[in-house]
Structures are given as C-alpha cells and as structure tokens.
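Protein chains in written order, with the working numbering: chain A, 1 to 388; chain B, 1001 to 1388; chain C, 2001 to 2388; chain D, 3001 to 3388. Note that CB positions come from ideal geometry on N, CA and C, so glycine has one too.
4 protein chains.
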Amino acid sequence: MPRELNVALIGYKFMGKAHSHAYRDVDFFFPSDCRPVMKVICGRNQAPLQDAADAWGWQEYETSWEKVVERDDIDIVDIASPQNTHRDIAVAAAKAGKHILLEKPMAMNEAEAREMLAAAREANVKHMVVFNYRRVPAVAYARRLIDEGKIGRIFHFRACYLQDWIVDEQFPLIWKLRKETAGSGAHGDLNAHLIDLARFLVGELTEVVGQTHNFVTERPLPVETGELSTMLTAAGGAETGQVTVEDTASFLARFDNGAVGTFEATRFAPGRRNHNRFEIYGSKGSLVFDFERMNELEYYSADDEAGSQGFRTILTTDEAHPYVSAWWPPGHAIGYEHTFVHQVADLLQAIHEDTEPHPNFHDGWKNQQALDAVLRSAESGARVTISH
Amino acid sequence: MPRELNVALIGYKFMGKAHSHAYRDVDFFFPSDCRPVMKVICGRNQAPLQDAADAWGWQEYETSWEKVVERDDIDIVDIASPQNTHRDIAVAAAKAGKHILLEKPMAMNEAEAREMLAAAREANVKHMVVFNYRRVPAVAYARRLIDEGKIGRIFHFRACYLQDWIVDEQFPLIWKLRKETAGSGAHGDLNAHLIDLARFLVGELTEVVGQTHNFVTERPLPVETGELSTMLTAAGGAETGQVTVEDTASFLARFDNGAVGTFEATRFAPGRRNHNRFEIYGSKGSLVFDFERMNELEYYSADDEAGSQGFRTILTTDEAHPYVSAWWPPGHAIGYEHTFVHQVADLLQAIHEDTEPHPNFHDGWKNQQALDAVLRSAESGARVTISH
Amino acid sequence: MPRELNVALIGYKFMGKAHSHAYRDVDFFFPSDCRPVMKVICGRNQAPLQDAADAWGWQEYETSWEKVVERDDIDIVDIASPQNTHRDIAVAAAKAGKHILLEKPMAMNEAEAREMLAAAREANVKHMVVFNYRRVPAVAYARRLIDEGKIGRIFHFRACYLQDWIVDEQFPLIWKLRKETAGSGAHGDLNAHLIDLARFLVGELTEVVGQTHNFVTERPLPVETGELSTMLTAAGGAETGQVTVEDTASFLARFDNGAVGTFEATRFAPGRRNHNRFEIYGSKGSLVFDFERMNELEYYSADDEAGSQGFRTILTTDEAHPYVSAWWPPGHAIGYEHTFVHQVADLLQAIHEDTEPHPNFHDGWKNQQALDAVLRSAESGARVTISH
Amino acid sequence: MPRELNVALIGYKFMGKAHSHAYRDVDFFFPSDCRPVMKVICGRNQAPLQDAADAWGWQEYETSWEKVVERDDIDIVDIASPQNTHRDIAVAAAKAGKHILLEKPMAMNEAEAREMLAAAREANVKHMVVFNYRRVPAVAYARRLIDEGKIGRIFHFRACYLQDWIVDEQFPLIWKLRKETAGSGAHGDLNAHLIDLARFLVGELTEVVGQTHNFVTERPLPVETGELSTMLTAAGGAETGQVTVEDTASFLARFDNGAVGTFEATRFAPGRRNHNRFEIYGSKGSLVFDFERMNELEYYSADDEAGSQGFRTILTTDEAHPYVSAWWPPGHAIGYEHTFVHQVADLLQAIHEDTEPHPNFHDGWKNQQALDAVLRSAESGARVTISH
C-alpha cells in the first residue's frame, strides 16, 4: 500500500483548479509509493468554495486557513491564494510542521520571502515554489543539455513573457492590477517566471538595470460577479480607479558566470496569449523555447558539420525527454496542466525520500531579491547590484 | 445527483490507458448530468490486467469479454482491443443493449463494419468510433469555419499521416504488422484517420486510386515481454517472419462535391513522430493543420486586404474555440489525451439527451468502405468507384 | 581577355526578363573565362520588343527567329517563347550549330522532345533545359547530402507545387490556359519542375497513376493589352471560351530504386503564391524544401543523438553551400533571379570546358515522357509504366 | 535620353561590391529619367582596386579620394569606406557640391555627424545614409501599415540583431574589432540599424539605459592577406592584441510617443547568421520582421474575428508590396542586394525631382546621438536622456 499524504489547498480559482487536477492525475501517470489525498480545500467564500470542492473532488472545504493549517491530519499545505496572503499562511504552515507547495511569486517582497525561507528551514519541512515551467519537458531537457556541456560557456540569456489580456482600456481593475493584493504587475507575475528559468538554466543574477511603464493608468472598477469566473471575463462598471502596478517591466542583467541577459514582461502585446520565451546562446550551441509551442525545443549545435548547421526543432515527446515517457508515445503532445502533475510527482518523491526538491523557498527568495532589485533600479534609473 | 453510467473497457494497452484516463478526467473539466463509473476492465491476461485496473482506477477486472458484455450493470462497452476482435464484441454488446465506444479502424473489412452498424441500429444503442482527431479544438474549429462558409467551395484536401517507428529493419514483427491481427498496416491505422477527417471536413469520397508499398518485408519475431510494455520498446529475436501489411499507402480521390484529394500514410518518414497533417484549399480561404502542433490552426482568408494576406497561425486556445474554455486560459496548451476526454464528454451528453453522436458506426462503415476501395485499387492498378 | 559568346534570346516576357538579367549579372558574380554578349532579342511584335531590348540591354532586336538562328555571329540560342514554338526553334538552332538554352517544359509532347534531343546530339552542341530550381543553393545542397549518403536509402519523395493565380473565375483565358499554346496546364507548368527535382534527387520514375481536374471550365477571353503586361494583370472581356488544360494534376509514382512518390500541382490553392515544396524521407535522414523559403533547407539526421533529434532549419547562405559564396556573407538571402544566373554561369563553363551540362535535352525528354504518362493514366484511370 | 549621373565610389570591399551592383542593376528594374554611370572607384591599394574596377564595371580607379571628390565630372560620391574616414570625405564631398550616399554608421561620434549634416545642408546637396533595411519590402510595408493606423498606438518595439561570426576566440583582431577604425563594435554596426528601424517605424528615442560586454578580450592580430578577401575568412597569427570595441550591447529605451523599447546587438549568438529582427506591438495590431526571412512579414490584427486571430505570415512579394512589382511575380523572393538597388533608385529619383530622400544625414545624426547615449549609459550605469 502506498503511503497517503493528506493535502489542504488554499485557493480555488485558476491555480486552485490547476493544483487540484494535479493531485487527481498524478497517481495515474506517476504511480509511486506516495499517494496524495485531496482532503480539504480552503477559501473565503463558502458558496463557490463548496462548488469547487464538489467539482474537483475535495473531501471537505473550509473557510478558515488558520484552522486548516493546524489540522493534525494534514501533511501538505498548498498555497494558491493571492500574493498578499503567502507569508502568513506559509509561516504558519511551516510552524505547524506541514510540507508546503507555494504559488509564485513567493511574497510581496524580499523581506517576506526571507522570513518564509527561515520558517521552513527551521521547521525542517519540504518547501517548493510553483515555478512550473521548470517541468515542461523541453525546459528540463534544455537544462540537461546545458549540464552535459552541449551549450558550452553561456553568453546570452534573452527572455520575454508577453501577454495581451489587458490591452483593452475597459478591462477592469481586478486584484492583479492592484499593488496591495498583487505586489506588482507584469513584473512579479511574468518576470518572476523568467528569473526562475534564468536561475535554473544559467546562474545567479548579480546586477540589473530596469525600466517599467504603464500604458493605461485608470480602469473601471470590477463589478462583483460569481467567484468562479475567470479573470478574462471580468467586467467593469462606471466607477474607475488607479492602476497601481506596472503594465510592463524590462531589465538588463549580468550573471555570476559572465553571461548577460535581457528580460521583458508585458500584458500589452496583442497576439501573444502566453508567450513565455527564452533564447540561450553559448560557445557550443544555442537553445530556444517558447511556451506557446511547449512541446518543442529549438537546439543549435555548433558541432554540426559545416553546411548542415541549423536550429533543430526537437519535438520533446521522445522517451529521452524528461517526464514524457509517463504519458504517451512520441509525437503525442502534452499540455499546460502536465507541468503541475510533474511538480506534484516530484514533491511527493522528495517527501518520501527526504530529499530537497527544487525550486524551493531558497529559489523563491533569490527570485524575489532579483524582482525587488529591478523595481528599485526602475525607480532610480541606475544599476542595482544583487548581493549573495 | 448526476446519473451514473457504468463502463466496461475491453483492452488495456495504449488505447486502454487513453480511454481510462478520459473517464477519470471528464467530470473534472466537463461536469454534466452524467458521470461515468469505471466499473470493469477486461483483457486476456490476468496479471497485467490487474495492474492496469489498479493503476487506472477500475473497480474490477475480468478476462472474459463475453461475460462483461452480458452484465446487467454495464451501460457502456468501450472496445479498445485489436481490430480482429471488434466485430464480435461490438455485435454482442449491441445485442446486449449496451452503448458502444469503439476504437478505429472499425473492423477488418467493410462487410464486418456493415454488420456492426446494422446490429447497433437494430439495438437502438448509442455508437461511436474513436476518430479522436475530430475533437482537437483546431479541427473542430476548422469544421466551424467551413460550416460558416469561410472557406467557400472546397477545391483540395491534401493530407498525410507520417510516422517513423518501424524504419529500423530490426524492429520486430508485432501484431500491428500482421494482417491477421491488424487487418492492414499504415493504411488502416493512419489513412483511416485521414479519411475520417476528409469526411468530417469535406464530404464523401466517390472514387479512389491507390498505391501501397513495403520497404521491409521480413522482420524478427517479437520476444515475449511484459504485457504493459509499449509498442515502441518491443524487442525482436533471431527468428524472422513475413510482414503482411503495407508500410505505406497513398491514394488520390474525388469527393461528391467536386473537390479532389491526396492522401498518404507511412511509417517510414524519419523525423515525423506523429505527423497527421491536412491542408484544405477553398475559393474563399485555406486551412492547414498538423497534429504535431495540435494547438494551432493555420487559416488563410482570401478576403483579407491585398498586401495583408497570409496564413494566420491561430493558437486555438481562446474562448472562441471548441472545448477549450473547459480547460485553461488562452495560450495554455492542451495535449493528446484531451481529445479522448472530449469524445467521452460528447458520448455522455448524447446518451443523456438521446441524440446521435458522431463519428458513429455509419461513419466507421463509410470509412472502412473507402479503406477497402483503396486496397483494391492498389492491387488492380485501376480507379475504384465508391458507391453510396 | 575572356572569350565572348554572343547570345540570341527568343522571347521577351517573364522568362525573357529573367534570362536577360542573368546574362547581365553573371559576370559580376561569377567571373570566368567566358563572357556572354547580349547580342539580339527576338519576338513577334516590334514595339514591345524594342522596349525590351532598350530596357534590358540587348544590342539589337529582330522579329524573325528563323533569321536569328541562322546568324553566323550567334553562339547561344536561348528559347524562352511558348511551348508550341520550342521544337521548331530548337531543331533549327541545333542544325545551325548553336548551343541551346531552353525554357521548360521542353516540348508539346514526348515525340517532339525526342526529336529535339536527337537534333542536339547530332549537332554536337551544348543543350540545357531551364529547370532552374536545381540551382537553388538549398536544392543543390540537398543533392550533395544525398550523394554523400546522409539520407541513406530513399523511401519517399513527396512534392507539391501550389499556386493561386487563377482562382478567380473571371481571370481570363490567357495562352497558358489553352492546350494549343501551352500543351498542358498546371501539369506541364508545375509538375514538370517537380519531376525534374525528383529525377535530380531520387531517380527515374518507372510507373505512375494520375488524376486531373478542372474547377473552372469556361473563362472570359482576354482583352488585348500592351504586350509587356504580366500574366497576373491580364483582363477579360464579355466573350468566353473553354479552358482546355487541367487546373490541377496529381499522381503517385514508383522510382527505379524502390522509392515511392506523390506529386501534386494546382493553381487553385489560395494563399500559396509559389509553393514549390518537396519532402524526402530516407533511412538515415530527411529533407524538406519550400521555394517560398528558398534560402532554407530542413534536414533531419537520424544519426543525431536520441533526445536531440529534430529537423534543422539550415539557412543555406554559408560558404559551404553551392553558389552562395559568390554572392554575400552568411545570413544574406538571395532571390529568385539568382537561379538563372547560376544556370547561365554553368552553361558558360560547360561550353568553355566542353563538358555536358545538366539538366539537358535528355533530362527534358525523360521529363516529358513522365508528364505524358501521367496524362494518359489520368485519362484511362489505370497505372502507366514508363519504359527506359 | 535619361539624364546621366556620374558616380564615384570610395571603398571596394563588402559594401563596395553591394553598392557597385546596385548601380549596375538599378536601371534594369527601375528605369527612370536618371541613369547612374559607374565612373570611378577609389581605394588605397592599387592592385585590388584595379581588380574591383574590372570585376564590377567601373570605368576608372583612383587611389586618392581627395582627387575624386574634386572632379568636375562627378555627381554622386558614395562613401563605403571604414567609419573613421566618413567625416572627412563627406565634408569635402559636400563642399565640392556632390550628392552623397554614405554607409552606416554615419560617423565616429555625434559631433562628427553634426558637422557632416551641417556641411551637407550648407552645400544644399542630396544626402542619404545606407540604412538599407528600410527598403526591404516587408519593412517598407510595415511602415505603411503603421501610417494607415493598422497598428494603432504603439506600446512596444522589441529588436535584436544577432550574429555569430566572432564566437571563435581565434578569430583575428580585424579593423571592425578596433575602436580607432570602427568607432564601436556590435553597437555601432548592428544597433545602428535597429535604431534606424525604430526611428523609421516608431519615433524618436528620448531616454536610454544600456549595458555592454566583452566575452573575448584578446585576439590574434590578423595576418595580411589579399585585400579582396572577406572578413569571415580572415586569419590570425601568433601575436595578439586587445579587443577595444564591445562584443554585445543592449539597451532599454523610451520613445517620444510613449512607447518603450528593448534593443540588443551581439556577435556571439551561435546559429544566428544575420538575425535582424523586430517586434512591434500596438493597440490594434502587431508586426514581426526577421531579416533571415526577409520576404516575410508577420502581422496580427486585433480586428480579426474572435477565434480567427493569429499572426499572418505575409509573403511580401505581391503587387501591393513596395518595390516588389519591379522584380518578379508573387511568390518569387528577392534577396539582400535588392535593398541597395531600391536605395539607389530612390536616391536617383530624389536628385531628379529635387526632393529630400530618407534616411538622410539628419537621420544619421539622430542615430549617432542615440548610439552615443547608450555607450555613455553603459559606462555610468545610469539612464541618459536624449535631447531634441
């Protein structure tokens, strides 16, 4: 009999759904000695919460996260609520000895992140941040090629994360567009992912210089709708309010290994639904990834014969690619939610084998450190060094 | 309380896994008034069958399909076993009054298919064939554009289904390479899908002329391995046998609406893992789909302004695209298994609302008719007319 | 001092322009011991002919090809007039001892082509047919990879040549749409190119089975316009006439080396301006070329490491690629007219070194043989063997 | 009779060849009332200069640019020599009343550029800088779409110019890698083009913050080889020297119209032979261009119907596209050198009609201003404002 681990999930919107499905699917594709039990889902509003519990298969629901975190029968606390709640829940969960899976970005700022890391370390629990793109097979395989020396010395990391869902000036001022709930805008939401990929694939950032901008500064206040509605269908009313987070943030960076990087995040790129893309150029080869074609990795090998050199479009669905053999035969794509399944599978394994999973709160803290440095630079107009 | 429908699944390999997952996932993403219950999985060999039942969540397992089909508590019989078993199981299931979900190709030949269709109609049960590519959102959306007149009069349907898994001459003579178990080779396996897409998107085929070929005529006999191993890792021994199905089959066709078509299937196209691709050219626009980029549809509108005409790469993950809003926000890909979830969702709905689902046994029979006609033409070297 | 070779060009429309430019440009990029002199351009109508001579730099013009062919000072006769004139001019030119550059397709039928070949051989002159796509660097490089064994045993040749310039039913009945002037339609115009590429890259065709179709059978007769107007801007009047050549032609083929092929040509593919594309699949690798991206070749090597396999997009502008180093540094594209420059450069070299250039009248004849066989098959509905 | 304009070309290497060919070809494709006469080519070393004159068709050659600039029979001075010679030649040419075509980047620094602009204005001659990418049909068409309001308010300009020709540490220290001859490295060579495209398509830059880096700081000194050898085949000896220009330069920018931009140039991107790419995102649509596919423009229209939105790949070879109808029918690509033909055609027209061509010395000066500002910022680590 596999060991059962009871999960409490805080949050029941987009990420709540993605995480719920991961718990439900993981054992089908990644059978192991550990099996998650979908014990309780937690949120503020009872009606939609109850719906979510029914729809997704949670045994119970609960409106107080404080109670949930304290329950003896909970092994894993999964935090998928807005950023401004992360610190309190994570610290409490750690103190209660729970393993923690935490949505990104980690916190409202670096100080919070550091506190959370300290709490988790002190409690000696497993901790993981859901930078889920690490577990796209193409990205995990990119890391493997780098580790094997196929890319050589890395010169450039070029990344962008472009979306287009708030181009309409009438799109309402939802919580993601307010500093008090979201901490930051495109920067914390999207550059956080790019920074994680940069740290995963290249190294630590040592210096940044950045720029932020708002294209639309005032928006209609959102009209209260049913809670399970998605962000994209939110509607606005007649009253307006100030947008208090940046619409776009870009920055230049240096890495500890001598590479340089460019990063850009925006929600104002019409035609780019979820364009999370990076390019890596090294002395022996190059890599390109674009999440909109998540089952592909482009790879250029400078070792290929003269005349036959070119970027290879690798369909990352072969047996040789990470995670993939658990799913389907070559040429059969996987999708977005699979990255969460992979992360949950790895978390369960880490708990079972008592190893350190990644990305963890240390990664989350370093990420937050870089995020904060960029915002300071954008404000001052000058380079900011990141200490280590 | 949703109505519960008990499912019996016959077959526990690649398709068994895909179907099992669909039953497990469907209610999470497509909640409805009907809920499938994974009652019993059925196969010949007890040990792997038991493993499959455990792994995928079936309540029971059973080695006799005859018994399963007769059980009073079964509502749906899902047939995912090799082609040479389809007729007997389907006819028995129909006679027992079960709704039927059947893997493609429908049968060993047109006569069998006709018999199955007659049985299902007589029993007045719901019947569906798993030509799952109809339910890729991009394909379903292509159909919608055609229905809306956006493509105009269709001139050309150009399709190919290219794979590369048996290029190695040492790849063993598994059941898919033997006429007695598989009926035919690349033709029945792959052209069957293309024919279904052609019928779904263009119309009925009226005339075909074809050509088949074998590049490797003798292969090592397979060594018995554990039953849950995938096709692709099969190993061969020292003894060899004759390949009795075609490696490739191509044909030219005419449609009842005046369009012409080209079709080609092969398992000898290195680099093409699962390249199910079609192009449609019509008087008002054109469409291109490639399953290796299943979240995209290329669309050319002849109505676009001069100078700004070009194939649009549509990321078919918007709210406007069929099935997709049940999953994730725009820009978040879905994968192969989702097509099965869609098909099961539609089957449940058809049962619940007592409507005719598609593709059904009529579609399967017309498909088989075309498949057979091509093989006859390839043998005789002359055009074959398909009667209606 | 380089040797000067006097050229007489018959024809002054699209191909006349392309050939003229090639003579003018060749020495700049491919300096050699031979230099073409643009002596005389020849056509039926004096006014536009005189304009063409002025615009393109011909020293003289002449309305009688018979006179031109007989002139003692002419070394090369370049035939770029409609197909129905090819035989007479070529035979006369050969008898007069002139080297011949001839536009494709070679003739109105195989008998004519055989006669032309005999005449050229008897006269012992150099003869070349302008299947210019052989000299796209990407195509010439594809041939090199095949010759080096990089593709291994070839299984499949899949080719199509798709255009869209006559989709409009009001497009007039120009000479290219009439059998008496053009011989055939999309087939002779476009499949002729594909057959040449097939013979260049794969081998001789031994058997074909084909299908042709007309989507529009009647069109307005063209209104007389200035002679230098291009095909695409032709206008039609109130009177109509019968289209006497096929709009589309497709066929299946077998090659002498065991490969199989599919070919398709059409002028009814909206969005495809000049989509001359082929795919080659072999035991060791695969190749894809599309003239709409003529500076690229896709190459898949089955020898690449597991996990890192994928089609490479080779930008064929490196020093290693045929013809290219004469032009610009890597990454700087060349265009359509360059293929004619390459062909003229090779013709001059063949004349100077007294070697046999390719593709020559033998190639043109084999090409015409295959073209004719397909049309016979399309009529009879049965396979046609091509003798050798 | 067309008016003849005598040209003197200073420089006989890569750009000398490109410009020479443009003069030779322009009248064939763009016949007008002005015809350039290739009068004299000028350089320092007589032997290779004489070869170049012969090969490219210049009537004379001359080793003193001072003499050439003073000649009464010269109408146009074309300056294609290294940057450190631009100022002196241009000022002298202007004073001598010659029209000037000048290679980019304009000068060694902004002060020189301003001096040149003043001289040209004072002399009332035509002046043009060869930012040739403006005249790629796709780019000229992008500008047209912007002018027509199809892109709406521009939010983002994202550009990079990536090459890979000096990744090898043994590549020698040629003049382009030395500050005294080249002024700067990847920045002046490549970002100059991006800045010109930004100014052409978006607007004036008002603020920049940049970063530069060297990956290889010391290289072998070049061995003297024949002068007509290309950069890429240069060889190095045993002695080494310091690289004094940057290998890569990136910067963030703000535009006067509220758009923001990112720019990156490098010569250390393996696999990118000449990857000059930009993306523009606006309220109504988006555009993507990549010079490695110079015959294409990607265009996203936010006005397209929901569900059918996607980037269109426009093959910019239709009649509707700038410059293209002078060449070949739709679907027939043009190449790199065609951009120079277009620029010369426009220069001749501007001279003939006495209009102001673009980009001119004012554009060159604004370009140099931005280039200098970025380098100052990279040094100081702080934002630099660009005055207007």
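Cβ of residue i within 8 Å of any chain B Cβ
i                       : result
residue 2319 of chain C : no
residue 2141 of chain C : no
residue 2008 of chain C : no
residue 21 of chain A   : yes
Within-8 Å CB hit, residue i to chain C
i                       : result
residue 1158 of chain B : yes
residue 312 of chain A  : yes
residue 3332 of chain D : yes
residue 3055 of chain D : yes
residue 3230 of chain D : Bear in mind that the predicted position of residue 3230 of chain D carries a pLDDT of just 48, short of 50, making it unreliable; the figure below should be weighed with that in mind. Yes, because at least one Cβ of chain C sits closer than 8 Å to the Cβ of residue 3230 of chain D.
Option nearest residue i by Cα separation, candidates the options
i                       : options                           : result
residue 1163 of chain B : A:6, A:71, A:205 and A:330        : A:330
residue 2139 of chain C : C:2263, C:2155, C:2339 and C:2218 : C:2339
residue 1376 of chain B : B:1251, B:1272, B:1313 and B:1366 : B:1251
residue 1246 of chain B : B:1099, B:1004 and B:1374         : B:1374
residue 3260 of chain D : A:217, A:277, A:21 and A:213      : A:213
residue 2281 of chain C : C:2363, C:2151 and C:2117         : C:2151
residue 2033 of chain C : C:2353, C:2360 and C:2369         : C:2353
residue 2241 of chain C : C:2262, C:2385 and C:2216         : C:2216
residue 3155 of chain D : A:52, A:268 and A:131             : A:268
residue 2043 of chain C : C:2031, C:2069 and C:2037         : C:2069
residue 1211 of chain B : C:2029, C:2253 and C:2271         : C:2253
Per-residue burial, residue i [other beta carbons within 10 Å of its own, 16 or more giving buried]
i                       : result
residue 223 of chain A  : exposed
residue 1106 of chain B : buried
residue 3064 of chain D : exposed
residue 2001 of chain C : exposed
residue 237 of chain A  : exposed
residue 1276 of chain B : buried
residue 387 of chain A  : exposed
residue 3380 of chain D : exposed
The ligand NAD heavy atom lying under 7 Å from the CB of residue i
i                       : result
residue 3203 of chain D : Annotation note on the ligand NAD: not contained in the displayed structure, which lists no ligands.
8 Å contact criterion, which residue i and residue j should meet: CB distance rounded
i                       : j                       : result
residue 1944 of chain C : residue 2173 of chain C : The requested residue 1944 of chain C does not occur in the structure, where chain C is confined to residues 2001 to 2388.
residue 3089 of chain D : residue 3007 of chain D : No, residue 3089 of chain D and residue 3007 of chain D are not in contact; Cβ-Cβ is about 14 Å, not under 8 Å.
residue 1159 of chain B : residue 1198 of chain B : 7 Å
residue 80 of chain A   : residue 9 of chain A    : 6 Å
residue 129 of chain A  : residue 102 of chain A  : 5 Å
residue 295 of chain A  : residue 334 of chain A  : 7 Å
Minimum Cβ-Cβ distance from residue i to chain D less than 8 Å
i                       : result
residue 1299 of chain B : yes
residue 250 of chain A  : yes
residue 2003 of chain C : no
CB contact below 8 Å: residue i versus chain A
i                       : result
residue 1337 of chain B : yes
field: Inside the segment 3291–3341 of chain D only - beta strand (DSSP E) runs reaching at least 3 residues
entry: 3296–3301 and 3311–3315
message: What ranges does the beta strand (DSSP E) occupy inside the segment 1021–1065 of chain B, keeping only unbroken runs of at least 3 residues that lie completely in it?
response: 1034–1042 and 1060–1062
query: Unbroken beta strand (DSSP E) runs of length 3 or more, entirely within the segment 183–216 of chain A: which are they?
result: 205–213
field: Complete runs of the beta strand (DSSP E) confined to the segment 2100–2160 of chain C [at least 3 residues]
entry: Fully enclosed beta strand (DSSP E) runs of 3 or longer: 2127–2130.
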